[in-house]
Structures are given as structure tokens and as C-alpha cells.
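Undergrad: Heads up, the sequence shown stops at 201 in our numbering, and the numbers go up one at a time, no gaps.
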Amino acid sequence: MERPTGYQAGMTTPCSPSYAGYRFPAEVISHAIWLYFRFPLSLRMVEEMLAARGIVVSHETVRQWALKFGQAFANEIRRRLPRAGDKWHLDEVVIKIAGTTHWLWRAVDQHGVVLDVLVQSRRDAKAAKRLLRKLLKRQRRAPRVMITDKLASYPAANKDLRPAVEHRRHKGLNNRAENAHQPTRRRERQMKRFKSAKQTQ
1 MERPTGYQAG
11 MTTPCSPSYA
21 GYRFPAEVIS
31 HAIWLYFRFP
41 LSLRMVEEML
51 AARGIVVSHE
61 TVRQWALKFG
71 QAFANEIRRR
81 LPRAGDKWHL
91 DEVVIKIAGT
101 THWLWRAVDQ
111 HGVVLDVLVQ
121 SRRDAKAAKR
131 LLRKLLKRQR
141 RAPRVMITDK
151 LASYPAANKD
161 LRPAVEHRRH
171 KGLNNRAENA
181 HQPTRRRERQ
191 MKRFKSAKQT
201 Q
């Protein structure tokens with residue numbers, strides 16, 4: 001099969017995982033994964049977009065590619081991000097996964113860069129503490145300021161982990177974190193529902 005023009009190594013993928021043994025070239029696989037994660041597209045939409053370029057691949061194959069290589073994409077994107085700001089905005093939003101209520105916790109800095117996300121079944125101090133631990137481990141430093149809504153779980157978690165961090169609790173100050181949930185909401189609507197916590201995260 002002749003490769004469509006525009007597919008160049010590294011054009012759409014920030015990393016180079018091993019695609020050995022796959023029928024399709026690395027450029028096609030990486031482009032399909034990039035489409036799926038970059039835009040609020042369903043698997044079937046990615047299938048149709050590839051078909052329009054003469055690439056016949058099923059949506060189930062795209063799903064398998066996303067499951068296998070998606071984390072490598074995310075890790076490389078995080079690695080290339082600029083150093084996180086010193087003001088962290090934390091927020092949580094309710095989502096349905098296979099009909100069960102979960103919470104998607106998200107942290108962004110003052111520039112809107114997503115620091116991390118975490119899907120949990122609870123919305124209590126233990127869940128907030130788990131998010132903070134994950135953030136501190138990944139960022140390797142504490143923020144100067146932490147901004148949240150008025151959920152009581154946040155001050156309880158911060159008191160145990162980093163009591164010296166300034167904590168501002170105000171609904172209106174946390175718009176940056178709340179706005180960061182919008183792409184997830186669009187994908188949730190596009191896909192009708194999330195099927196697993198791993199897929200959501």
C-alpha cells in the first residue's frame with residue numbers, strides 16, 4: 001500500500017515506541033493515535049478519517065493501538081512540557097464509567113498546563129491526599145499556592161502533606177481547573193460513555 005502524502009516520521013507523534021510486527025507502518029499507527037487523543041473523536045470517526053485517506057483499519061484496531069501506545073504518548077508529552085508553575089489549581093468532576101459514579105481529579109498550573117489527572121471512586125480526604133501525593137512525586141516540589149473550591153477534602157489532605165503551602169479556597173478562583181475539564185466532557189459526550197477508568201484516564 002502506498003503511504004499517503006503527509007505521513008512523515010515524527011510528524012504527529014512525539015515519541016518512537018516499537019511498532020515491530022504490525023502490518024501498518026509506524027506513521028499510520030502514530031497518526032491514528034494522535035487523532036484519537038488530540039481531538040474529541042470516537043474510534044469510529046478515526047476509522048472513517050483514515051478510510052478517507054485510503055487506509056482501511058477497523059475501529060477496534062485503533063482502540064488496541066490507543067491502549068498499547070497511548071501511555072507512551074502521554075509520558076513523552078509530559079516530558080516535553082515546560083516546568084510547571086508554582087500555583088496549582090485542583091478540581092474534581094463527577095463522571096460515569098460503565099454506569100458507576102467516579103470522580104476525575106485534575107490539577108493544572110496557572111498557565112493552564114495539565115499537571116496530572118486521577119480517576120477515583122471517592123471524593124473524600126483520602127482521595128484528595130492520593131492526588132496530592134501523586135503530584136508531589138511527579139513534580140518533585142511543592143507549589144507556592146494551591147487553589148481549590150470549597151470541598152473540605154482539600155484542606156484535610158493539605159494539612160497532612162504540605163501544611164506550609166498557601167491554600168486558597170474559592171469557587172471563582174478555580175475557573176482554570178474547571179475549564180480544563182471541558183475536553184473530557186466533550187469526549188464523554190462523543191463516546192456516549194466511558195467504559196473503564198483506564199480509558200478515562
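All C-beta atoms in this analysis are idealised placements derived from N, C-alpha and C, irrespective of residue type, glycine included.
Could you please give me the residues that DSSP links to residue 103 through a beta bridge?
TA: Residue 103 pairs with 94, 120.
Undergrad: For the alpha helix (DSSP H) that residue 31 lies in, which residues bound it at each end?
TA: Per DSSP, residue 31 belongs to the alpha helix (DSSP H) from 26–38.
Undergrad: On the criterion of 16 or more Cβ atoms from any shown chain inside 10 Å, does residue 158 qualify as buried, or is it exposed?
TA: By the neighbour-count rule (16 or more Cβ atoms within 10 Å), residue 158 is buried.
Undergrad: In this structure, does DSSP put residue 62 in helix, strand or coil?
TA: DSSP places residue 62 in helix when its eight states are reduced to three.
Undergrad: Excluding five sequence neighbours on each side, which residues of the same chain lie with their C-beta closer than 6 Å to the C-beta of residue 166?
TA: Same-chain partners within the cutoff: 145.
Undergrad: By how many angstroms is the C-alpha of residue 100 removed from the C-alpha of residue 147?
TA: Taking the straight line from one Cα to the other gives about 28 Å.
Undergrad: Who does residue 46 pair with in a DSSP beta bridge?
TA: Looking at the DSSP assignment, residue 46 forms no beta bridge with any residue, so it has no partner.
Undergrad: Per DSSP, which residues does residue 169 bridge with? Please list them.
TA: BP columns for residue 169 point to 148.
Undergrad: Return the first residue and the last residue of the alpha helix (DSSP H) that residue 153 is part of.
TA: Here the alpha helix (DSSP H) through residue 153 covers 153–161.
Undergrad: What did DSSP end up calling residue 115 once you bin it into helix, strand or coil?
TA: Correct three-state label for residue 115: strand.
Undergrad: Mind reading off the beta-carbon distance from residue 139 to residue 84? Whole number of angstroms is fine, and I expect it under 8 Å.
TA: Confirmed, Cβ separation roughly 6 Å.
Undergrad: Mind reading off the beta-carbon distance from residue 65 to residue 33? Whole number of angstroms is fine, and I expect it under 8 Å.
TA: Their Cβ separation, rounded to whole angstroms, is 6 Å, which keeps residue 65 and residue 33 in contact under 8 Å.
Undergrad: In angstroms with no decimal places, state the Cα-to-Cα distance between residue 150 and residue 88.
TA: Distance between the alpha carbons of residue 150 and residue 88 is about 15 Å.
Undergrad: Count the CB pairs spanning the region 54–73 and the region 36–44 that are closer than 8 Å, and state whether there are at least three.
TA: Touching, yes, given that three or more Cβ pairs across the two stretches are closer than 8 Å.
Undergrad: Quick one: what's got a C-beta closer than 6 Å to residue 24's C-beta in the same chain, skipping five residues either side?
TA: Cβ within range, chain order: n/a, list empty.
Undergrad: Does the Cβ of residue 22 have 16 or more other Cβ atoms within 10 Å, making it buried, or fewer, making it exposed?
TA: That one is exposed.
Undergrad: Can you pull the DSSP bridge partners for residue 109?
TA: Looking at the DSSP assignment, residue 109 forms a beta bridge with 88.
Undergrad: On the CB-based measure, 16 or more other CB atoms within 10 Å of its CB, does residue 122 come out buried or exposed?
TA: Flag for residue 122 reads exposed.
Undergrad: Could you spell out the range, first to last residue, of the alpha helix (DSSP H) harbouring residue 131?
TA: Unbroken alpha helix (DSSP H) run through residue 131: 125–139.
Undergrad: Where does residue 67 fall in DSSP's three states?
TA: DSSP places residue 67 in helix when its eight states are reduced to three.
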